[in-house]
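**Student:**
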Amino acid sequence: MSILIDGSTRVIVQGITGREGSFHTEQMKELGTKVVGGTSPGKGGTTHAGIPVFNTMADAVKATGANASGIFVPAPFAADAIMEAAAAGITLIVCITEGIPIQEMIRVKDFLRGYPQARLLGANCPGLITPGEAKIGIIPQRITRPGSIGLVSRSGTLTYEVASALSAAGMGQSTIVGIGGDPVLGLTFRDVIEMFEKDPATTQVVLIGEIGGSDEEHAAELLARGTRLKAVAFISGRTAPEGKRMGHAGAIISGNRGTAKSKEEAFRKAGVPVAETTDDIVGLLR
Amino acid sequence: MSILIDGSTRVIVQGITGREGSFHTEQMKELGTKVVGGTSPGKGGTTHAGIPVFNTMADAVKATGANASGIFVPAPFAADAIMEAAAAGITLIVCITEGIPIQEMIRVKDFLRGYPQARLLGANCPGLITPGEAKIGIIPQRITRPGSIGLVSRSGTLTYEVASALSAAGMGQSTIVGIGGDPVLGLTFRDVIEMFEKDPATTQVVLIGEIGGSDEEHAAELLARGTRLKAVAFISGRTAPEGKRMGHAGAIISGNRGTAKSKEEAFRKAGVPVAETTDDIVGLLR
Amino acid sequence: MKLLEYQAKEVLASLGVAIPPGEVARTADEAAAACARLGPVAVKAQVPVGGRGKAGGIKLARTPDDARAAADQIIGMDIKGFKVPLVYCEAALEIEREIYLGFTVDRDARANILMLSAKGGMDIEQVAEESPDSIARLYPNPWRGPLDFELTRLVFEAGLGELGRPLTALIKKLYRAIPDYDALTAEINPVVVTKKGEVIAGDAKLEIDDNAAWRHKDLEQRYGALIEGDPYEVEAKKRSLTYVSLDGDIGIIGNGAGLCMSTLDLVQRAGGKPANFCDIGGGAKAEVVENALAVILMNPKVRGVVINVFGGITRGDEVAKGIITARDNLSMKLPLVVRLSGTNEEEGREILKRDGIEPGVNAWAAAQKIVELTRVGIR
Amino acid sequence: MKLLEYQAKEVLASLGVAIPPGEVARTADEAAAACARLGPVAVKAQVPVGGRGKAGGIKLARTPDDARAAADQIIGMDIKGFKVPLVYCEAALEIEREIYLGFTVDRDARANILMLSAKGGMDIEQVAEESPDSIARLYPNPWRGPLDFELTRLVFEAGLGELGRPLTALIKKLYRAIPDYDALTAEINPVVVTKKGEVIAGDAKLEIDDNAAWRHKDLEQRYGALIEGDPYEVEAKKRSLTYVSLDGDIGIIGNGAGLCMSTLDLVQRAGGKPANFCDIGGGAKAEVVENALAVILMNPKVRGVVINVFGGITRGDEVAKGIITARDNLSMKLPLVVRLSGTNEEEGREILKRDGIEPGVNAWAAAQKIVELTRVGIR
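Those protein sequences? They're chains F, D, U and C, same order as listed. Going by our numbering, the first sequence runs without a break in its numbering and finishes at 295. Going by our numbering, the second sequence runs without a break in its numbering and finishes at 295. Going by our numbering, the third sequence runs without a break in its numbering and finishes at 391. Going by our numbering, the fourth sequence runs without a break in its numbering and finishes at 391.
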């Protein structure tokens, strides 16, 4: 078992004819992911790498019965692509694109309230993978291995680092979820941990956080209430210098939250061990 | 019994210190309506005609537990007043103000989707009255009489005409509802007839329509499905000349609906007698 | 407020819509001069009503002499009750194809509807009836406006995918007429795709919400006086009255559109012919009643007036005072029947009686009475 | 992009916000001339960072000589790492009261938050801590923007009801910075109410989303070059890199903020001192890597560089090629440790080996290695 994605998930690649969309579609197919279609306005009716291409998501969903999508379109079009996917009835939208203006994402988040069935992962994330079954996004299959550890991370490349180390140590993963590093994003640590909690195949969970925001603190609050999962956390950026702040508005609303210290303390308080380096994670899980 | 309003309804008058707001507050109180407060930004903390005045609807609802409001503010502020009432938790919003720009009302209607508890009557309507109990709006109490006829109308003054005739003939009303004549409005004929259908005190219903739109046709469709109510309809504007139309957009979407003929036929098809003049209504109800 | 074609085009051009070069001409000579500058032109009657093409209000002119002759014919022409005040001379386009684009308020949906069809041009209403599916439709959320993906879908649904970019851009510009100008209807029919591939507004119709006129005083100032038509309607508009001219001889004043219309119905039923529809609205005061009576009496065909007021907000005493003041100020000699009920009706009736006007109680009786009084001289 | 005060004020003025008269001065003489024109002025250091008042970057000047002296002191001053390039001479205001007004992105709420407080001025952060209730807050719907009734409520909640109209109008103008300029933070602190009752922006802070820079090229052109600071950061910005200068001697390149930060953590843990944070992002290509290396090597303090790349979208072969090209083009002699994993990692490692660079496999080992190599000459 797994969360969010498995071998039966039917995926549309939004922006399938672009360079990245094209490359990663191949990678997804290689793993066995059911990529049932792609979109590229004006190229509807053609095929790309053997996959049917549609002008719009509405057409694609109607023709293929897809329930998930991966977004690889350039940043100026990505927010629109998310909304298009939700309006077309997609239930898992994975936005890989980075560089979406924050105000656009704030509008997207509000738009998605009208589509409660639609779960958004990202933007600016590496996507997710259920090792050996299916993936949407760019997480290399090679560094993963089927198993029972749920991995959830804000950082793309650190996710690979940790997954790689786990796999090398023979510790497989149920699903790896990269939630992305943008300030305004879709699924949070807390959302994903709640799903892992309900997934019988997941027994342990690794959470890779970063300074900034307070999603890690919220996840720690959830874990503090009790969980059947063995959890380990890691926070990057402990030695990062404070950003040069301008104006008071940010300070008024965030107070002292958001530092590596605040996050690490929150996990320790919740009884979750905090790894000093990514290499320590393997040891703490044993 | 009655629909929408009775002696227990707790009413805020929005724009209570204005000329019309002030005058009609007195009229509402005279009938026994529980007017528990009014709003007028900047005059919070004072009283007007013995009624406490608040700066905002949020304050007014918090202090009084009101569940209904009547809006008498000038047209440029009325759309905002409707949204303010809905956001404050009001469940019956009666907007008397006329002249609200249609695009503003379209935005208001969309806003109200976020507040499904809020029912809007109007705008540009005379309001509603449950004779002998309570009213919000400007329907003169004197021309009404308690009874079992539900009266629903798009026209303000024709409502008075008919209510007056019914009362003079000894035929009382359960509730009189003026839905207003604007193209984009709140409660429709259909909505109000559904409520009368559920109200045990109402046994007959009079529907006073007008040319334009197809709310009357929709109400006729509802009645055609069967009703315990004895219904009579009247449509004004049979001899009105067709408006001088510019462009095709209107014609494309409305086709032949909206004429007096189309509406009268819809009612006859539904088995609802159509009065030739307002004076005929009394006879048809007997 | 319904704008004339050239006015609508000026407004749309300010929103970024491409329009052909054109000039307004008030005289035949001006039209000839415009043609000399622009080359071959279409000389188009400027009236705020549809169907001018079929009425002979559009003529092609290849030379200044042609243009002079065309303008000479068109200016002053009557099109559906509008006397053509001026023509618009517009450079002729090399048309590759014609598309329909427009939006309006859909009353049933309580929303704006955007419509796009590959079958643009004169017969769009027929297209709507015979093959409704060939018109793609979109209800944009009124706060968000149309989103890019919605427009892409609309364009592909209309079978116009190959024009996706220019059409999407055009629709967004047209839509700005809603937030920027409180437009109720805006239509570009046809959107012309020229042989060079440009996408241009071939015609334009724009109606601005009168309820929002206070937000758009500039439009009223620039264009308000130019939209000529029925002189009584023009005068009524100046006096902020809701007034429509009809061709009978009995003046009608009512408060509320429904009551006013039913008064029309009753007068007609009693054998009379209404001269107008005049709604003095909810909160009508003495001054408004006087204005209404003044406008109605401007029409020499009017042989009598019936006033039907049932007061909610409007108070009977004010209506009565207004009627008397108006009658006296205007030295009105024609028959006047007044039906007055509602708020302060006793006070109102009292005032009328005191000044020699017998108030009616019943609308049907009042209608019959005015028909009787105005038929006296005719029989 | 963080705008300087005078730039933020220019932008806000274009949205209709009232600002005091003021002039930019690049020299002491220009400041004196400005004062001669404006009368008594505040001479204010222009730096994209808070706290300039406490750092001595604001001085009042009653006469042109005062202004010259003040500007002479302030221009060139260092405020939190920013060398003051110019001052803004602004007419002094007669202050009746000071109000705080600002909005920013609330990450937790995934929304914009508007804040208003009667207790404006320098100590607003302290106010926020000690009496959070004295700051009224509103989360406007991002499609609708703040509605009138919401603003009325905000103003009354802040205890500023008597300034309802001017404040509501001001907030609407400030809010336009979101749709019109993709602002992430906009702050007017203080909003000054003058003794005459005018409501004016006393100071202004504005941060524009770099992700939306393509929509606001005009701002970049007008203001981009003026915001001076760390020369390496300026150079990195020109090359579109995410780069922050630090004060150590080991250059750091990583892909992804998380990996980059954890590389910093590891180097520090191994006893080294990072010279920078440089994230080459997700889809980094050879050219980007070369740019990053070039900027890092500009800094003479740098004694070695560690590159940590784990490829998802970024492909190892491209990274390797970039590293080699960059090293060769820049004739780099300093120690270079490369850790490379992920997509096409074998190909990448192969390329590195072929060109004499030993690729690391483990980030911790790479961090230890670069610390060891750069410490050689120090001991």
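Virtual Cβ for every residue (Gly too), placed ideally from N, Cα, C.
According to DSSP, asparagine 76(F) sits in a beta bridge with which residue or residues?
**Tutor:** As a first step, residue 76(F) must be located in the first sequence, where it is residue number 67. Answer is none; asparagine 76(F) lacks a bridge partner.
**Student:** List the residues of chain U that tryptophan 155(C) touches, going by C-beta distances under 8 Å, in chain order.
**Tutor:** Your numbering for residue 155(C) matches position 143 in the fourth sequence. By Cβ distance, chain U contributes Asn153, Trp155 and Arg156.
**Student:** So, under 8 Å CB-CB, methionine 134(U) and isoleucine 147(U) are touching, yes? Tell me the CB distance rounded to an integer number of Å.
**Tutor:** If you number the third sequence from 1, residue 134(U) lands on position 122. If you number the third sequence from 1, residue 147(U) lands on position 135. No, methionine 134(U) and isoleucine 147(U) are not in contact; Cβ-Cβ is about 15 Å, not under 8 Å.
**Student:** Looking only at C-alpha atoms, which of Asp259(U), Gly69(U) and Trp155(U) sits nearest to asparagine 311(U)?
**Tutor:** Numbered from its first residue, the third sequence carries residue 311(U) at position 299. If we check each option's Cα against that of asparagine 311(U), Asp259(U) comes out closest.
**Student:** Going residue by residue through the region 264-325 of chain U, where are the continuous alpha helix (DSSP H) segments of at least 4 residues, counting only ones entirely within it?
**Tutor:** 269-281 and 298-310
**Student:** Step through the CB atoms of chain C and report whether any lies within less than 8 Å of the CB of glutamate 39(F).
**Tutor:** One-based indexing of the first sequence puts residue 39(F) at position 30. So no, glutamate 39(F) is outside the interface.
**Student:** For serine 274(C), does the count of other Cβ atoms within 10 angstroms reach 16, so buried, or fall short, so exposed?
**Tutor:** Numbered from 1 along the fourth sequence, position 262 holds the residue referred to as residue 274(C). By the neighbour-count rule (16 or more Cβ atoms within 10 Å), serine 274(C) is buried.
**Student:** Taking 7 Å as the limit between beta carbons, can you name the residues of its chain near glutamate 302(U), skipping five residues before and five after?
**Tutor:** Translated into the one-based positions of the third sequence, residue 302(U) becomes position 290. The answer, listed in chain order, is Gly334, Thr337, Ala338 and Asn341.
**Student:** Since isoleucine 12(F) meets chain C, which of its residues come closer than 9 Å, beta carbon to beta carbon?
**Tutor:** Counting from 1 along the first sequence, the entry for residue 12(F) is found at position 3. Simply none; closest approach about 20 Å.
**Student:** Across which residues does DSSP place cysteine 47(U) in a beta bridge pair?
**Tutor:** Translated into positions along the third sequence, residue 47(U) becomes position 35. For cysteine 47(U), which the question treats as bridged, DSSP gives no partner whatsoever.
**Student:** Between the region 43-54 of chain D and chain C, which residues of the former have a C-beta closer than 9 Å to a C-beta of the latter?
**Tutor:** Pro50, Gly51 and Gly53
**Student:** Could you check the C-alpha separation between threonine 236(D) and glycine 195(D) for me, to the nearest Å?
**Tutor:** If you number the second sequence from 1, residue 236(D) lands on position 227. If you number the second sequence from 1, residue 195(D) lands on position 186. When rounded, the distance between both Cα atoms is 23 Å.
**Student:** Between which two residues does the beta strand (DSSP E) containing lysine 239(D) stretch?
**Tutor:** Residue 239(D) sits at position 230 when you count from the first residue of the second sequence. It spans 239-245 - the beta strand (DSSP E) in which lysine 239(D) sits, taken as one unbroken run.
**Student:** Once the 5 residues before and after proline 33(C) are set aside, which same chain residues still bring their CB inside 8 Å of it?
**Tutor:** Position 21 of the fourth sequence, counting from 1, holds the residue named residue 33(C). These residues qualify, in order along the chain: Leu50, Glu102 and Ala103.
**Student:** Using a Cβ-Cβ cut-off of 8 Å, state whether glycine 214(U) counts as contacting chain D.
**Tutor:** In the third sequence, counting from the first residue as 1, residue 214(U) sits at position 202. Output row for glycine 214(U): interface = no.
**Student:** What separation, rounded to the nearest whole angstrom, lies between the Cα atoms of isoleucine 107(C) and alanine 54(C)?
**Tutor:** Counted from its first residue, the fourth sequence places residue 107(C) at position 95. Counted from its first residue, the fourth sequence places residue 54(C) at position 42. The alpha-carbon atoms of isoleucine 107(C) and alanine 54(C) are separated by roughly 13 Å.
**Student:** Return the bridge partner residues of arginine 19(F) from the DSSP annotation.
**Tutor:** Locating residue 19(F) in the first sequence gives position 10, counting from the first residue. Partner(s): Lys43(F).
**Student:** Contact criterion: CB-CB distance below 8 Å. Does glutamate 93(D) meet it with respect to chain C?
**Tutor:** Translated into the one-based positions of the second sequence, residue 93(D) becomes position 84. Taking Cβ atoms only, chain C reaches closer than 8 Å to glutamate 93(D), which makes this a yes.
**Student:** What residue does the beta strand (DSSP E) around alanine 139(F) start on, and which one ends it?
**Tutor:** Within the first sequence, numbered from 1, the residue matching residue 139(F) stands at position 130. According to the sequence as given, residue 139(F) is threonine; it is not alanine. Run containing threonine 139(F): 136-139, per the beta strand (DSSP E) assignment.
**Student:** May I have the straight-line CA-CA distance separating glycine 293(C) from arginine 119(U), to the nearest angstrom?
**Tutor:** Here residue 293(C) is taken as the residue at index 281 of the fourth sequence, counted from 1. Here residue 119(U) is taken as the residue at index 107 of the third sequence, counted from 1. Computed Cα separation, rounded: 51 Å.
**Student:** Could you tell me which of Gly173(C), Glu199(C) and Gly62(C) sits nearest to lysine 185(C), measuring between CA atoms?
**Tutor:** Looking up residue 185(C) in the fourth sequence gives position 173. Comparing alpha carbon positions, the residue from Gly173(C), Glu199(C) and Gly62(C) closest to lysine 185(C) is Glu199(C).
**Student:** What are the start and end residues of the beta strand (DSSP E) that includes serine 162(D)?
**Tutor:** Reading the second sequence from its first residue, position 153 is the one you call residue 162(D). Residue range 155-162 is occupied by the beta strand (DSSP E) that includes serine 162(D).
**Student:** Looking only at its chain, what residues have a beta carbon closer than 6 Å to the beta carbon of glutamate 162(U), apart from the 5 residues adjacent to it on each side?
**Tutor:** As a working mapping, residue 162(U) is identified with position 150 in the third sequence. Counting only Cβ-Cβ distances below 6 Å, and skipping sequence neighbours, we find Leu150.
**Student:** According to DSSP, is glycine 360(U) part of a helix, a strand, or is it coil?
**Tutor:** Working through the third sequence from its first residue, we reach residue 360(U) at position 348. Note: glycine 360(U) maps to helix in three-state DSSP.
**Student:** For histidine 228(U), name the three-state secondary structure that DSSP assigns.
**Tutor:** Residue 228(U) sits at position 216 when you count from the first residue of the third sequence. Here histidine 228(U) sits in coil by DSSP.
**Student:** If we call anything under 8 Å between Cβ atoms a contact, is glutamine 213(F) one with leucine 238(F)?
**Tutor:** Taking the first sequence and counting its residues from 1, the one referred to as residue 213(F) is at position 204. Taking the first sequence and counting its residues from 1, the one referred to as residue 238(F) is at position 229. Against a cut-off of 8 Å, the Cβ pair of leucine 238(F) and glutamine 213(F) comes out as a contact.
**Student:** Taking the beta carbon of lysine 66(C) as the centre, do at least 16 other beta carbons fall within 10 Å, making it buried, or is it exposed?
**Tutor:** Walking along the fourth sequence from the start, residue 66(C) turns up at place 54. Classification for lysine 66(C): exposed.
**Student:** Mind listing the chain C neighbours of arginine 116(F)? Cutoff is C-beta to C-beta under 9 Å, in chain order.
**Tutor:** If you number the first sequence from 1, residue 116(F) lands on position 107. Going along chain C in sequence order, the residues near arginine 116(F) (Cβ under 9 Å) are Pro154 and Trp155.
**Student:** Using the beta-carbon of each residue, which ones in chain F are nearer than 9 Å to aspartate 84(U)?
**Tutor:** The residue given as residue 84(U) occupies position 72 in the third sequence. What aspartate 84(U) touches in chain F: nothing, since even the nearest Cβ is about 49 Å away.
**Student:** Taking only three categories from DSSP, how would you classify proline 13(D)?
**Tutor:** Position 4 of the second sequence holds residue 13(D). Inspection of the sequence shows that residue 13(D) is occupied by leucine rather than by proline. DSSP, reduced to helix, strand and coil, places leucine 13(D) outside both helices and strands of the structure shown, so it counts as coil.
**Student:** Between the alpha carbons of alanine 230(D) and serine 223(D), how many angstroms are there, rounded?
**Tutor:** The sequence position of residue 230(D) within the second sequence is 221, counting from 1. The sequence position of residue 223(D) within the second sequence is 214, counting from 1. Reading off the sequence shown, one finds glutamate at residue 230(D), where the question assumed alanine. Between the alpha carbons of glutamate 230(D) and serine 223(D) lies a distance of about 11 Å.
**Student:** Measure from the C-beta of glutamate 219(D) to each C-beta in chain U and report whether the shortest distance is under 8 Å.
**Tutor:** The count along the second sequence starts at 1 and reaches residue 219(D) at position 210. Yes, because at least one Cβ of chain U sits closer than 8 Å to the Cβ of glutamate 219(D).
**Student:** At a cut of 8 Å, does the region 55-62 of chain D reach the region 100-107 of chain D through at least three beta carbon pairs?
**Tutor:** no
**Student:** Which of the three DSSP states, helix, strand or coil, is assigned to lysine 381(U)?
**Tutor:** The count along the third sequence starts at 1 and reaches residue 381(U) at position 369. Note: lysine 381(U) maps to helix in three-state DSSP.
**Student:** Give me the chain U residues within the contact set of alanine 67(F), using Cβ-Cβ distance strictly less than 8 Å, ordered along the chain.
**Tutor:** In the first sequence, residue 67(F) corresponds to position 58, counting from 1. Here the neighbours are Arg165.
**Student:** According to the neighbour-count rule (16 or more other Cβ atoms, all chains shown, within 10 Å of its Cβ), is glutamine 19(C) buried or exposed?
**Tutor:** Here residue 19(C) is taken as the residue at index 7 of the fourth sequence, counted from 1. Buried is the call here.
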